[in-house]
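2 protein chains.
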Amino acid sequence: MSGVASHETVAATDACGPVALLDSPHARLYPLALGEAEITGGLWAGRREVNRRRLLPGAVAHLGQAGNFDNLRSAAGQGSAPFRGPVFMDSDVYKWLEAVGWELGRHREPDPELARQADQAIELIAAAQEDDGYLNSYYQVARPGERFSNLAHDHELYCAGHLIQAALAHSRARHDDRLLEVAERFVEHIDEVFRIAGRPGTPGHPEIETALVELYRLTGRRRHLQLAAYFIDQRGHRLLGPGHHGASYYQDHVPVREAREVTGHAVRALYLAAGVTDLYLETGEDALIDVMRAQWDDMSAGKAYLTGGLGAHHEDEAFGDRYELPPDRCYGETCAAIASIMWNWRMLLATGEGAFADLLERTLYNAFLVGLSCDGGGFAYVNPLQVREGHRDPVERGARRQPWYWVACCPPNVMRLLASLEHYLATADERGVQLHQYAPGTIASERVTGGRVALKIDTEYPWQGRIAVRVSDTPAEPWELALRIPAWSARAEITVNGEPEPVEHRTGYATLRRAWRPADELVLELDMSPRLITPHPRIDAIRGCAALERGPFVYCIEQADHTSEISVDDVRLEAEAAIDEHAIDDPVPGTMALRASGVHAPAHAEPGVWPYATAGVQANGHGTHGAPTPMSLTAIPYAFWGNRSPGPMRVWIPLAR
Amino acid sequence: MSGVASHETVAATDACGPVALLDSPHARLYPLALGEAEITGGLWAGRREVNRRRLLPGAVAHLGQAGNFDNLRSAAGQGSAPFRGPVFMDSDVYKWLEAVGWELGRHREPDPELARQADQAIELIAAAQEDDGYLNSYYQVARPGERFSNLAHDHELYCAGHLIQAALAHSRARHDDRLLEVAERFVEHIDEVFRIAGRPGTPGHPEIETALVELYRLTGRRRHLQLAAYFIDQRGHRLLGPGHHGASYYQDHVPVREAREVTGHAVRALYLAAGVTDLYLETGEDALIDVMRAQWDDMSAGKAYLTGGLGAHHEDEAFGDRYELPPDRCYGETCAAIASIMWNWRMLLATGEGAFADLLERTLYNAFLVGLSCDGGGFAYVNPLQVREGHRDPVERGARRQPWYWVACCPPNVMRLLASLEHYLATADERGVQLHQYAPGTIASERVTGGRVALKIDTEYPWQGRIAVRVSDTPAEPWELALRIPAWSARAEITVNGEPEPVEHRTGYATLRRAWRPADELVLELDMSPRLITPHPRIDAIRGCAALERGPFVYCIEQADHTSEISVDDVRLEAEAAIDEHAIDDPVPGTMALRASGVHAPAHAEPGVWPYATAGVQANGHGTHGAPTPMSLTAIPYAFWGNRSPGPMRVWIPLAR
């Protein structure tokens, strides 16, 4: 069923980022090699600096305090502390280690203290590994003798997946294979226990699938791909039991090749999708890309928030029914945004279609970026699109970001994406170079026919729409430069050395094939006009509302930008009025804020007054207090809300009638 | 702090229903004695017949299969089966037993088989009790030696509360005190362990508080009232720990006398409120009724669904923030409706204000009644106000009622309310008789100054608004007949012996004081015109929508009443059009259905098409397919949805523009 033939190993790839492709004929696009993309300034350079200076060193203290290291010490026989924390504690260490691997690898002079901490952690992990390769501190310390007895909930294979990904980062970026040896020994053990023994089983929380395909890409050892295929083939046969939320919670209700809807726990669904897409990229099995397209279509048409946030249910951190997208109850876990970015990247590699890069960008600038406070002091786990006056539980509402969590999946996940973000900017092949995301920096490739291509990108994107691409190195013969034109940009203009070029879209990309010369400068101008967004009529929870966007950002209105006499719970937007923009310095210097006309229609609570009125009996304006008054509404990027004084926030604004 | 002085016992009350008052000077109204109210026909007689014939006997089989009886047998040493089910399994037996007690008590010839089953269960419970009075099969069988070690989650005191309430029913209705002896022995043990020993503690799930006050009312033993006060005083000091959802989940975040908002798990909050109101009724402590009013005001103004359903969160079965009332994600647990009815009844007794009887009625006919299928074959646990086309998990959506649940709190709770429903109809005191809920039957009282009052009620309520009250027995001197005028009735007309009487409202009641004569007939005419209901502007999730009501019923539109070409997900209501009514026989004979003008605006999904459009770029009508077409909308009472072919349903209907 898997379509993976039992060959010998094939040649392994060169050093690359998180996703490398073995020149698979099933890919349409190919990631750059390590070091070929750099981000040298702007928003993301700033976020990455926070990651390097604050998040990665800070995580060491949090992992120490929470017991993650102690758990591994107990497993290694270097301590006797009882196991602490949730069953997947090891994965937090692995995600942090993955982030550190990418971060250390891209500096010529890596931070010696961070390197020392990483090396210590690697040594500890190696020491904790059992002789037969098994490695999971929860089972080793708290439940010896019960390995693989609860695949549905105990995350052993999930942790193994993150171990592999950390090992890949240290091997590729630091040329340090110590963790890779640990990971491969564990994987061989898992392979023997499951695939080779023919033991039924699949992980309750997917993650190992995508990691195994990548391990195959690194090592060329086909058994890793076969194990990924084994777990994917086993899924959907209800091996995991019904659990508390039903088999669909872990996508075990229907075989993978028949699953045409995204269902259940969002992070599980999306990591699985990344793995299934990876398997397609290596095997070219049509059934796999077919269900991946169907699931993506289902998700993007009716199960995604405007921000790219995913997961409408708090209860099971799950996708809701189609169009069930309440902004206040949006779960939108930061990890789901990261998993969506990972899946969209693989779909982009598999198809070359800009829609995937568009959703990746939307998710990056909104559902992902909101998960980290501007100063780096806190992470959000839940990211709703509305928080009301007088809300309770600000942490649960995403209104107060926390330095760490008991379930600490999100913080190190943010770190590993930030540390490896340059890998998601561009791709290259014999034909030329494709630019998917825009940031100041450099892009290069050795893969273009004829010789090395090098580009320098100058831009104030995402605040301004001008992206200047300067050719610094080029072969003599013609090659193709492809630039993504985001679907949100109503117009796009391109000049080369000041001369206008006709812009042809092809699946979201403008492509210019020519004999480029050093110092040639292409300028792409995207339309950064503020936009008024209205929802599909079946999204009931935001009926009669509109949202504001500019560039890749979704905007929100926050109490901090309005006087205390005005509650953002009571404002209305004038749909026809012009939207102005202006730069502000708080909370992020250079931020473009928007200003629009609205009205304030106060409608405070009257305690004890039933809030449903009979038409024709009670006044139509029941609940309102005083006449609506005109006002000016200020909106800031959603990603930056909750960084000033606390208060209500909303993305969707009711329209004035 | 409790205000309960340590007196000796006072005189116990006569046989009464679930709530008896010791002629407390703090009550405004007094429940009737046992047998003084009868329901002889109509909707509720039918539901109670289903309860007697199908639900109560059927529960014996379910309790047997689920292990409830086996657990008690193991505790009694009559079996050795390991404990099965959730920790509160005993409470399901007690709730069923309470229902059986009320049911057997009100028949002159009680069902001998049901009586035999009840007696068997009582013997089993008595056998399971430890020598020192302790009784909880979970701890006895599964965790011996660990009693009262996890008050936050293990429901020992909650189960004790339901044991007391079952005992009260058998004592009052059947004059059988065997279970009462068991309950009092357990209560004395609890009293010694906690109050007398001064051990800090309060139940994670309130319920015992209201039961203890009632046990005091039955026995006159003041220590039971003191124990209720003890647990209420202990609450709000975070003795229960933060738990997974924070201390507010079990109302332990703030002392009871400072808690001015309803928060956390809805059933916990409402059972606690019933107990606190009961304590006020006995002590008259102003601080208690003051916070109860504040909480009720908070709940009714912004945390209650139109149906009276409570609990906007699935995750923690909890109240949301004020105005956070998504119809699709409404949890609206059937038990929360029952608990709300219990609390509202006590608030009515404490205040005499019709608003509490209004909310009780709304909850009874909608949020409660929807919890039982028309044929009695299934119970709903969750009761949303909208279910979409293509929804997943019909059980979780309340779209498929189940014969029983693993967590089976709702089914026997439905049974005990149905079995005791006549107790919620009327009250009486020296001044006269007060009618709160209308059903065909008889009402009598010995309490009215001068002699016995007896009334016969003839009505086709809730389908028709005419309520005829015929005096069959009366003292010679004048007394006062009070009739609730529901807030939903725009007009109310009263005649006595055919002569119009002026209707004066006083806190929701029309009061007629006169020298009544046998065969006098009062006729109350309520306004049963269909009503169009609009929501408070801050209830974002139903912006631009209206709902239909008639009499005490909230209506909904269900796919079963519309052709397959029309999806109820796509209909719009014409707000200005007339609403017609007509009788239907399916699913309930005599049901009044409504018909209104609407339009069908098809807006099916386009897979992969982003459902948010830029105004001025994409067409304004994005997502819609074809022109809206006029149509006729049929609405049925929400309580009866989901009894025919499955499909989408909605209470709130978007208005056509």
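Protein chains in written order, with my numbering: chain F, 1 to 657; chain D, 1 to 657.
For each residue, glycine too, the CB sits at the ideal point set by N, CA and C.
Note that the structure is a prediction, hence the values are computed from the model and not measured.
message: Using C-beta distances below 7 Å, list every residue in its chain close to W44 (chain F), excluding the 5 sequence neighbours before and after it, in chain order.
response: Closer than 7 Å at the Cβ level, and outside the excluded window around W44 (chain F), lie L421 and A439.
field: DSSP bridge partner residues for P500 (chain D) (one or two, in chain order)
entry: Within the DSSP bridge table, the entry for P500 (chain D) names D:T495 as partners.
message: With a threshold of 8 Å between beta-carbons, can I539 (chain D) be considered close to chain F, or not?
response: For I539 (chain D), the nearest CB of chain F lies under 8 Å from its own CB, placing it at the interface with that chain.
query: For N723 (chain D), does the count of other Cβ atoms within 10 angstroms reach 16, so buried, or fall short, so exposed?
result: Nothing about residue 723 (chain D) can be reported from this structure: the residues present for chain D run from 1 to 657 only.
- prompt: A247 (chain D) lies in the beta strand (DSSP E); which residues open and close that run?
  reply: From DSSP, A247 (chain D) is part of no beta strand (DSSP E); its letter is neither H nor E.
- request: May I have the straight-line CA-CA distance separating L180 (chain F) from A312 (chain F), to the nearest angstrom?
  value: So the alpha carbons of these two residues sit roughly 37 Å apart.
Alpha carbon of G35 (chain D) to alpha carbon of G441 (chain D), nearest angstrom: Going by the C-alpha atoms only, they are around 12 Å apart.
field: Whole-angstrom distance between A639 (chain D) and L435 (chain D), CA atom to CA atom
entry: Answer to the nearest angstrom: the Cα atoms are 24 Å apart.
- prompt: Using the rule of at least 16 other Cβ atoms within 10 Å of the residue's Cβ for burial, across every protein chain shown, is P589 (chain D) buried or exposed?
  reply: Of the other Cβ atoms in all chains shown, fewer than 16 fall within 10 Å of the Cβ of P589 (chain D); this residue is therefore exposed.
- prompt: Between the C-alpha atoms of P412 (chain D) and A468 (chain D), what's the straight-line distance to the nearest angstrom?
  reply: Just so you know, the alpha carbons of P412 (chain D) and A468 (chain D) end up roughly 33 Å apart.
message: Let me see if you follow: with CB-CB separation under 8 Å, is W296 (chain F) close to chain D or not?
response: Interface flag for W296 (chain F) against chain D is set, since a Cβ pair is found closer than 8 Å.
- prompt: What do you get for D328 (chain D), buried or exposed, if any count of 16 or more other CB atoms within 10 angstroms of its CB means buried?
  reply: Looking at its Cβ environment, which holds 16 or more other Cβ atoms inside 10 Å, D328 (chain D) is buried.
message: Rounding to the nearest angstrom, what Cα-Cα distance links V471 (chain D) and P82 (chain D) in this structure?
response: Approximately 58 Å, taken between the alpha carbons.
field: Proximity of D561 (chain D) and T634 (chain D) at Cβ, strictly below 8 Å
entry: Yes, the pair counts as a contact, with Cβ atoms nearer than the cut-off.
Cβ shell of R199 (chain F) (< 7 Å), same chain only, five flanking positions each side left out: Result list for R199 (chain F): V193, in chain order.
- prompt: Going along chain D, which residues have a C-beta under 7 Å from A301 (chain F)?
  reply: In chain order: A605, E606, P607, G608, V609 and P611.
A619 (chain F), buried or exposed, once every other Cβ within 10 Å from all chains shown has been counted against 16: Note on A619 (chain F): pLDDT 45, under 50, position unreliable in the model; the coordinate value appears next. Only exposed fits A619 (chain F), as fewer than 16 other CB atoms lie within 10 angstroms of its CB.
- request: Would you mind stating whether T507 (chain D) and G308 (chain D) have Cβ atoms separated by less than 8 Å?
  value: No Cβ-Cβ contact shorter than 8 Å links T507 (chain D) with G308 (chain D).
message: Between W479 (chain F) and V448 (chain F), how many whole angstroms is the CB-CB distance? I'm expecting something under 8 Å.
response: The pair is a contact, with the Cβ atoms about 5 Å apart (cut-off 8 Å).
Cβ neighbours of A121 (chain D) in the same chain (closer than 7 Å, five flanking residues each side left out): Exclusion of the five residues before and after A121 (chain D) leaves V93 and L97 as the residues of its chain whose Cβ lies within less than 7 Å of its Cβ.
task: Return the bridge partner residues of F553 (chain F) from the DSSP annotation.
output: As computed with DSSP, F553 (chain F) is found in a beta bridge with F:R550.
task: Please compile the residues from chain D whose C-beta is within a distance smaller than 7 Å of the C-beta of Y323 (chain F).
output: Correct list: R388.
message: Between Y250 (chain F) and H265 (chain F), how many whole angstroms is the CB-CB distance? I'm expecting something under 8 Å.
response: Their Cβ separation, rounded to whole angstroms, is 6 Å, which keeps Y250 (chain F) and H265 (chain F) in contact under 8 Å.
message: My output table needs one value for E146 (chain F): the three-state DSSP class, helix, strand or coil.
response: Three-state DSSP puts E146 (chain F) in coil, outside helix and strand.
query: Is L633 (chain D) helix, strand or coil by DSSP?
result: In this structure, L633 (chain D) counts as strand in the three-state DSSP scheme.
- prompt: Whose CA, out of F:Y509, F:D520 and F:L483, lies closest to the CA of A476 (chain F)?
  reply: Checked all of F:Y509, F:D520 and F:L483; the closest Cα to A476 (chain F) is F:D520.
- request: Leaving out five residues on either side along the sequence, give the residues of the same chain with a beta carbon under 8 Å from the beta carbon of F69 (chain F).
  value: Same-chain partners within the cutoff: L63, V93, A121 and L124.
query: Three or more beta-carbon pairs under 8 Å between the segment 535-544 of chain D and the segment 607-615 of chain D, yes or no?
result: No: fewer than three Cβ pairs fall under 8 Å.
- prompt: Would you call the CB atoms of R397 (chain D) and V387 (chain D) closer than 8 Å?
  reply: Closer than 8 Å, so yes.
- request: Please list the partners that L532 (chain D) has in chain A, where partner means a Cβ-to-Cβ separation under 9 Å.
  value: The structure shown contains no chain A; the protein chains it does contain are F and D.
- request: Taking 8 Å as the cut-off, decide whether the C-beta atoms of L573 (chain F) and I653 (chain F) are in contact.
  value: A Cβ-Cβ contact shorter than 8 Å links L573 (chain F) with I653 (chain F).
task: May I ask you to list, following chain order, the residues of the segment 181-213 of chain D that have a beta carbon less than 7 Å from some beta carbon of chain F?
output: Those residues of the segment 181-213 of chain D that come within reach of chain F (Cβ to Cβ, closer than 7 Å) do not exist; the list is empty.
query: Hey, is P18 (chain F)'s beta-carbon within less than 8 Å of any beta-carbon in chain D?
result: So no, P18 (chain F) is outside the interface.
message: Between the alpha carbons of R400 (chain F) and Y381 (chain F), how many angstroms are there, rounded?
response: In a straight line, the C-alpha of R400 (chain F) is about 10 Å away from that of Y381 (chain F).
CA nearest to the CA of Y305 (chain F), picked from F:G284, F:T334 and F:V291: Residue F:T334 is the option with its Cα nearest to Y305 (chain F).
message: Tell me the rounded alpha-carbon separation between G621 (chain D) and L360 (chain F).
response: Summary for G621 (chain D): the model assigns pLDDT 49, below 50, so the residue's position carries little reliability; its value from the coordinates is reported in the next sentence. The alpha-carbon of G621 (chain D) is positioned some 26 Å away from that of L360 (chain F).
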